[in-house]
Structure formats: structure tokens, C-alpha cells
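34 is the number of the first residue of the sequence shown in our numbering; add one for each residue after it.
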Amino acid sequence: MVSFFFWDTGCKLYLIISDLSLMVLDSVEMVEIGSDDPYEVSAVYAARGWGDGLPLVAPTAERVNEMLASLGDVDPDEVIATLAPRSGEATPRAIAVNAVLAGCSPKHLPVLISAVRALSAPEINLRGVNATTHCVAPLLIVHGKYAVEAEYNGGLGAFGPGNISNAVTGRALRLILLHIAGATPGNGDASTQGGPAKYSYCVAENLEDSPWGSYASTTGVDAESAVTVHCGEAPHNVHDMESSEPAPILGKIASAMCSWGQNNAPISQGEYF
34 MVSFFFWDTG CKLYLIISDL SLMVLDSVEM VEIGSDDPYE VSAVYAARGW
84 GDGLPLVAPT AERVNEMLAS LGDVDPDEVI ATLAPRSGEA TPRAIAVNAV
134 LAGCSPKHLP VLISAVRALS APEINLRGVN ATTHCVAPLL IVHGKYAVEA
184 EYNGGLGAFG PGNISNAVTG RALRLILLHI AGATPGNGDA STQGGPAKYS
234 YCVAENLEDS PWGSYASTTG VDAESAVTVH CGEAPHNVHD MESSEPAPIL
284 GKIASAMCSW GQNNAPISQG EYF
């Protein structure tokens, strides 16, 4: 049997059933697919504005239920956050569906649940983040013990390809913004040119090589594992091969931060990061 879920732009739950028909669970609409060929299925997704343009993992009922099982005894349909601009209701089940679509495994779901809760905080101003013409995107940082256990990368190449946890978790968060929050380009997302951080933007804090304590602890979070969500641009490299003292290095960093055209004033009420 081929069964999988998806959400349309009206936040209705869809189910692909064994005759390869697409059914809206709360209506009688039926759309024939006609084949389980991945190209045809992808075309159905694209025609409805679903996805991020990359191949998707079919969120079968089995995969979604396996994902939800990692949360223990929770109500899969409890609304844990409302995401702007569409005021989409994020439930564990909806988050799990998007996690499967992105290629996540169950170990990534707790991180996504925490990230979604953080995104809905008033201080984030998610409506402003999605409505701005700037190329801002939520950066997800995983801290502490769980970052190690779930194999998130905070070291060499952390913002690049190659690490599964970074890639799929960041991608899942973007799919959640597309499918639940309604942040689709030209509609809920007004970014003029977009940006690569809008595909996937997730790293770990590299505590092993850091001389300081966890960033999370500086904000009053003393848990052994934590998640930070910060909305900003993609990373900007600061190049220095001459300095042997801290002051010139800091001068270059400050120069890069305040250069012409930088959008370095936050559009939310959160702290500078």
C-alpha cells in the first residue's frame, strides 16, 4: 500500500492511498496520480506548490508514526505553536510529516519540536521575518549533549554539505515554514532574491573546541541540551592573514559587520546575536 501525508496551502491533511489517488481527508476532493513513478509524484507536489524544489521522501503513515513514537506519550494532534504569517497550527504530526519529507530520522524530531516552539515566541517576530524583503532565515543551533548524540556538526564545514543531521533538520524547518507557516516565495515570504540559508540552516555549537561555556547557559538555560533559533543572513566570511594581535582582527570583524548595505538592525525584539 502506498499511503502518505501532506499539507496543502490551506493546511488540510492529504493522504495518498493505494490506488494512487490523492484525497483531502476533510473533503471529497480526489486527484488521480496514475503512477507511483517518482517523477510523476514530484510533479503532483510541484503543481500544488509543495516542497522546496528538491526531491522529497514520501511521508508514509508508517514513517510518520515511527517518527512520532520517538516523542513518547504525546498527543500527535495537539497544537504546540501557531506560525505566522498564515497562523498555521503546528502539531507533532504536522512537524513529523515535514521531518519525513526532508529525510529526517526520529532522533531529529525533538530538535524540530523545540525549534518550532521557539519560532512561535513573540520575540522572534516570525511574521516580520517572513514578510521582509531581506534574505533573512531562521538559524537553528543545537547545544550540548544531544548535539553530540544526534551527530550534529559544529566544526569544520558546519554550514556546508556533508552532515546528515545538519542538512535534514535545517531543511525540515524550512519545509515547516513553507507548508505550515505559509512562507512561500511571493506570498508569505517577500524576500526579494531569497538566499541559500532558506534551504537549510542548522549547526551545532562546538563546545569541545570552545574556551567558553555554552551560549545557551549565558541566556539562563542550564539544561544539558538546548536549541537556539536566530533569524539572520547566511554566514559572511571575515578574512585576515596579517594580524598577530586581537585588536586588528576585531577591527576587521567590526568593519564587516557595519559595512554599507548590511541589514544589521534586528527586526524583532530578540537580543543581538
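Virtual Cβ for every residue (Gly too), placed ideally from N, Cα, C.
Treat the numbers as computed from the prediction; the structure is a model and nothing was measured.
Using beta-carbon positions only, say whether residue i and residue j come within less than 8 angstroms of one another.
i	j	result
Cys235	Val162	no
Leu116	Ser153	yes
Ala129	His141	no
Leu134	Pro171	no
Asp85	Leu208	yes
Ala214	Arg119	yes
Ala287	Glu238	no
Cys168	Gly228	yes
Val107	Pro125	yes
Ser198	Pro139	no
His176	Ala230	no
Val97	Ala123	no
Glu241	Lys178	no
With DSSP collapsed to three states, give me the class of residue i.
i	result
Thr225	coil
Val181	helix
Val77	helix
Leu172	strand
Pro218	strand
Ser54	Because the pLDDT of Ser54 is 47, which lies under 50, any placement of that residue in the model is unreliable, and the number read from its coordinates should be weighed accordingly. If DSSP states are grouped into helix, strand and coil, Ser54 belongs with the strands.
Thr202	helix
Ala191	coil
Glu238	coil
Figure out for me which residue from the options has the closest Cα to the Cα of residue i.
i	options	result
Ala216	Arg160, Ala205, Arg81, Leu173	Arg160
Leu173	Gly188, Cys291, Arg204, His212	Arg204
Ala200	Ala79, Ile286, Leu145, Cys168	Leu145
Ser224	Ser276, Gly253, Thr165, Val271	Thr165
Val262	Thr202, Gln226, Cys137, Gly193	Thr202
Asn270	Ala289, Asn186, Gly253	Ala289
Ile113	Pro143, Ala94, Gly136, Trp293	Pro143
Cys137	Glu184, Pro279, Gly221	Glu184
Tyr78	His212, Gly294, Glu275, Glu278	His212
Gly221	Ser75, Met100, Pro109, Gly121	Gly121
Asn196	Gln226, Ser233, Leu206, Leu210	Ser233
Leu206	Val254, Ala151, Ser276	Ala151
Ser243	Asp255, Gly187, Ser276	Gly187
Should residue i be listed as close to the ligand NAP, given that the test is whether its C-beta is under 7 angstroms from any heavy atom?
i	result
Ser277	This structure simply doesn't include the ligand NAP, nor any ligand for that matter.
*Hey, which unbroken runs of the alpha helix (DSSP H) at 4 residues or more fall wholly within the region 127-168?*
142-152, 159-164
*Which runs of the alpha helix (DSSP H) fall wholly inside the region 249-294 and span at least 4 residues, in chain order?*
279-290
*Do the region 266-284 and the region 240-258 make contact, defined as three or more Cβ pairs closer than 8 angstroms?*
no
_Threshold first: 3 residues or longer. Then list the beta strand (DSSP E) segments lying entirely within the region 95-132, N to C._
114-116, 121-123
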